Structure formats: structure tokens, C-alpha cells
Amino acid sequence: MSTDPNREIASHYEKLRTVERDFQLIVDTVIDINSHIIAANKLPISDDYQQTFTILAQNGFISPTLSEQIAPVTGLRNLIVHKYGEVDMERFFNALRKNTGQFNSYISEIEKLL
3 MSTDPNREIA SHYEKLRTVE RDFQLIVDTV IDINSHIIAA NKLPISDDYQ
53 QTFTILAQNG FISPTLSEQI APVTGLRNLI VHKYGEVDME RFFNALRKNT
103 GQFNSYISEI EKLL
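In terms of the numbering used here, the sequence shown is residues 3 to 116.
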């Protein structure tokens, strides 16, 4: 009988906190990279983390499609970090699955700048 990995992680407090923390660190690192590119290229300062993706897309550093797909991770990150409310674990795990590919695409697009 196979077990649902979402339920398994959610039922283990330490595993859940580890997954949440890893997600936060990934998003924080991506935001830091965005902010560095913005500063180094003297681009407009963003009003929020989500807008950093828009600024990069508007200036050709990442594709507009990727920007639209990945920018919402900042909202989920804020929900986890600031505990604005109860995190819907199903939504969280779905976002993790969805964003894994987007993070890989982000890395590929940023590597082209190096």
C-alpha cells in the first residue's frame, strides 16, 4: 500500500518545518539574486518581492512567462514566514511540485547571464 507523501510530511512536525524552511531559503535566494541584478543594472527599485520578477522580465533578464509563473511564490513564502494564517498544506505541496520546474527554469535563464 502506498502512502501519501503529503500526509506523511504534514504529520511529522520536524519534516514539515524542514520542507517549509527549505522552500523559504530557495525563495529568499531567488529574491536576493533578483535584487542583485536590479541593483547592478541600476533598474527601478521594486515595491515588493513579487515585483522583482516583473522588473527582470521587463528588462529582458528572464522571460515574461517565467516571471508570471514564478512570482506568486513570494506570497506563499510570506504566508509561511510571517504566519499570516493557517497554511493549507495541500496548496503548499501543490505549489512545491509546480514550482520545482519553475525554479529549474529560473536557474537556466539566470545562468545564461553569467
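C-beta atoms are modelled at their ideal positions from N, C-alpha and C, and glycine is treated no differently.
None of the values given here were measured: they were computed from a predicted structure.
Applying the 10 Å Cβ sphere with the 16-neighbour rule, what's the burial state of residue i?
i	result
ARG19	exposed
LEU70	Contrary to the premise, residue 70 reads as Glu rather than Leu in this sequence. Answer is exposed; the Cβ neighbour count stays below 16.
THR67	exposed
ASN106	exposed
LEU98	buried
MET3	Unreliable positioning characterises MET3 in this predicted model, as indicated by a pLDDT of 48, which lies under 50. The coordinate reading is nonetheless provided below. With fewer than 16 other Cβ atoms within 10 Å, it is exposed.
Could you confirm whether any beta carbon from chain D is found closer than 8 Å to the beta carbon of residue i?
i	result
SER69	In the structure shown, chain D cannot be found, because there is only a single protein chain.
Tell me, to the nearest whole angstrom, how far the beta carbon of residue i is from that of residue j; I am working on the premise that it is less than 8 Å.
i	j	result
VAL75	ASN101	6 Å
PHE95	ILE72	At roughly 17 Å, the Cβ-Cβ gap does not stay under 8 Å, so PHE95 and ILE72 are not in contact.
ARG79	VAL29	4 Å
GLY77	GLN52	7 Å
PHE63	ILE39	6 Å
Whole angstroms are fine: how far does the CA of residue j sit from the CA of residue i?
i	j	result
ASP49	GLU16	34 Å
LEU58	ASP6	37 Å
HIS84	SER37	21 Å
ILE112	ILE35	9 Å
LEU81	GLY103	21 Å
THR31	GLU92	24 Å
ASP90	ILE47	32 Å
LYS114	SER65	12 Å
Under a three-way DSSP split, which group does residue i fall into?
i	result
SER6	A small correction: the amino acid at residue 6 is Asp; Ser does not occupy that position in the sequence shown. Coil.
LYS114	coil
* Asked: Which whole runs of the beta strand (DSSP E) in the stretch 38-92 are 3 residues long or more, in chain order?
  -> none
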